[in-house]
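Structure record follows, encoded as structure tokens.
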Amino acid sequence: MDTLKPWVALLDEDVDDYIFWQHGFRRWAQHLDLYWFSSVTEFLSATSLGHDKPVALVMDGVVPDGEEMKWLSTLLLHPSCQQACLIMLSAEVTQPQREAYLRLGASDHLQKPVRLQELQEIVSTVSTHIARKSELSGL
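Okay, so the sequence shown: first residue is 11 according to our numbering, each after it adds one.
See below:
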């Protein structure tokens with residue numbers, strides 16, 4: 011990937027979700043580009059070829075149930091993800107699951123937005139995580 015702006019990877023099997031998220035980033039996070047990947051494998055293949063790394067990954071349902079921790083670990087160790095914020099999305103967020111993701115290294119675990127107001131809040135949260143990580147790393 012060769013981009014002019016920092017970019018966020020949306021890992022989501024559903025193209026309709028991508029269109030929804032794309033609207034959110036164009037409206038509330040114009041300083042970021044959003045790229046869609048329908049699987050973890052597609053994302054890893056694409057980012058292994060390019061020089062630009064995402065500033066964040068937003069993951070929604072692209073890994074089999076029960077394997078989230080394994081895939082989160084894999085992504086956190088991958089060279090294209092080591093400096094990125096990793097945001098996990100779920101239809102429901104339980105506190106024990108959220109704490110487990112955060113302990114492992116995820117930046118956040120959030121409830122998947124279904125309304126525009128929720129999308130605005132989540133896009134803002136993702137943007138805040140990116141800004142905070144950028145400040146901490148001195149970028």
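Backbone N, C-alpha and C fix where the C-beta goes; we use that ideal spot for every residue, glycine too.
Item: Does the beta-carbon of Gly34 have 16 or more other beta-carbons within 10 angstroms, so that it is buried, or is it exposed?; Value: buried
Item: Given a threshold of 16 other Cβ atoms within 10 Å of its Cβ, counted over all protein chains shown, does Pro74 qualify as buried or as exposed?; Value: exposed
Item: Using DSSP with H/G/I as helix, E/B as strand and the rest coil, what is Asp70?; Value: strand
Item: Met98 to Leu14, Cα distance in whole Å?; Value: 25 angstroms
Item: Roughly how many angstroms lie between the CA atoms of Leu112 and Cys95, to the nearest whole one?; Value: 11 angstroms
Item: Please name the residue or residues paired with Tyr45 in a DSSP beta bridge.; Value: Ala19
Item: So Ser58 and Gln93 are in contact, right, with Cβ under 8 angstroms, and what is the actual spacing, rounded?; Value: Not confirmed; about 15 angstroms, so no contact.
Item: Report the rounded CA-to-CA distance for Ala56 versus Ala116, giving the unit in angstroms.; Value: 21 angstroms
Item: With burial defined as no fewer than 16 other Cβ atoms inside 10 Å of the residue's Cβ, what is the status of Val25: buried or exposed?; Value: exposed
Item: What does a CB cutoff of less than 6 angstroms around Tyr45 pick up in its chain, not counting 5 residues either side in sequence?; Value: Trp17, Ala19
Item: Quick one: what does DSSP say Ser58 is sitting in, helix, strand or coil?; Value: helix
Item: Can you find the residues in the same chain that come closer than 7 angstroms, C-beta to C-beta, to Ala141, ignoring five residues on each side of it along the sequence?; Value: none
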